[in-house]
Amino acid sequence: METRAVGHDAIVKVEVKTRHLAEHPAAKKGQFAFAYQITITNHSDVKVQLINRYWLITDGGGKRSEVEGAGVVGKQPTLAPGDDFQYTSGAIIDTPVGTMEGYYEMECEDGEMLRIPIEVFRLAVPNSIN
3 METRAVGHDA
13 IVKVEVKTRH
23 LAEHPAAKKG
33 QFAFAYQITI
43 TNHSDVKVQL
53 INRYWLITDG
63 GGKRSEVEGA
73 GVVGKQPTLA
83 PGDDFQYTSG
93 AIIDTPVGTM
103 EGYYEMECED
113 GEMLRIPIEV
123 FRLAVPNSIN
């Protein structure tokens with residue numbers, strides 16, 4: 003899954019990989035834990051810095067939660083043209099299937115702000131859906 007955003011002659015690509023964490027302590031509470039690995043690549047001709055993030059997490063029952071704040075995993079990385087930044091984080095939901103979507107707010111070196119959309123991606127326990 004990948005998302006692209008265009009602005010200020012900038013293209014920022016976001017790739018997402020997810021996996022179910024079957025051995026996570028949340029499983030003992032009847033919940034489902036997932037890790038998601040994000041790779042952000044700057045395909046533009048200017049430096050960009052990730053300032054804020056927003057996530058909407060929805061479980062299979064329609065329960066929604068929002069997460070927003072500065073940076074990701076405690077960082078606000080700056081990406082020069084051609085650079086990428088990778089991180090792993092996680093989400094816990096009450097059902098074996100859910101979704102995430104959101105956006106990053108990034109600032110170009112000249113101060114222009116970009117909103118980089120992250121399209122809906124699935125959180126799913128293997129073999130829980132066809």
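Residue numbers (the numbering used here): 3 to 132. Don't be surprised by glycine CBs; every beta carbon is placed ideally from N, CA and C.
For residue j and residue i, the rounded distance between their alpha carbons
{"i": "Lys31", "j": "Cys110", "result": "43 Å"}
{"i": "Thr60", "j": "Thr101", "result": "5 Å"}
{"i": "Asp96", "j": "Leu81", "result": "35 Å"}
{"i": "Phe87", "j": "Ile94", "result": "23 Å"}
{"i": "Pro119", "j": "Gly63", "result": "24 Å"}
{"i": "Tyr106", "j": "Asn44", "result": "13 Å"}
{"i": "Lys65", "j": "Gly71", "result": "21 Å"}
{"i": "Ala37", "j": "Ile13", "result": "26 Å"}
{"i": "Gln33", "j": "Thr90", "result": "20 Å"}
{"i": "Pro83", "j": "Gly76", "result": "22 Å"}
{"i": "Gly127", "j": "Gly113", "result": "A small correction: the amino acid at residue 127 is Val; Gly does not occupy that position in the sequence shown. Whole-angstrom Cα-Cα distance: 41 Å."}
Buried versus exposed call for residue i [16 or more other C-beta atoms within 10 Å across all chains shown]
{"i": "Asp47", "result": "exposed"}
{"i": "Thr5", "result": "The pLDDT assigned to Thr5 is 43, lower than 50, so where the model puts this residue is not dependable; a value taken from the coordinates is nonetheless given after this. By the 10 Å Cβ count, Thr5 comes out buried."}
{"i": "Thr122", "result": "As written in the sequence, residue 122 is Val, which differs from the Thr given in the question. Val122 comes out exposed."}
{"i": "Val16", "result": "buried"}
{"i": "Leu125", "result": "buried"}
{"i": "Arg55", "result": "buried"}
Identity of the residue in the options nearest residue i by Cα
{"i": "Gly162", "options": "Glu68, Thr41, Gly73 and Val50", "result": "The structure shown does not extend to residue 162, since the chain is modelled only from 3 to 132, so the question has no answer here."}
{"i": "Arg117", "options": "Leu125, Phe123, Met108 and Arg124", "result": "Met108"}
{"i": "Ala28", "options": "Ser130, Gly92, Gly113 and Tyr106", "result": "Gly92"}
{"i": "Gln39", "options": "Gly84, Asn129 and Val18", "result": "Val18"}
{"i": "Pro79", "options": "Thr41, Ala35 and Val99", "result": "Thr41"}
{"i": "Gly73", "options": "Trp57, Pro98 and Asp85", "result": "Trp57"}
CB contact check: residue i to chain C, cutoff 8 Å
{"i": "Met115", "result": "No chain C is present in this structure, which holds just one protein chain."}
Counting Cβ pairs closer than 8 Å, one from the stretch 51-58 and one from the stretch 15-27, do we hit at least three? no
Quick check on the DSSP output: what are the complete beta strand (DSSP E) runs of length 3 or more inside the stretch 50-91, in order along the chain? Segments of the beta strand (DSSP E) lying fully in the stretch 50-91: 50-61 and 66-72.
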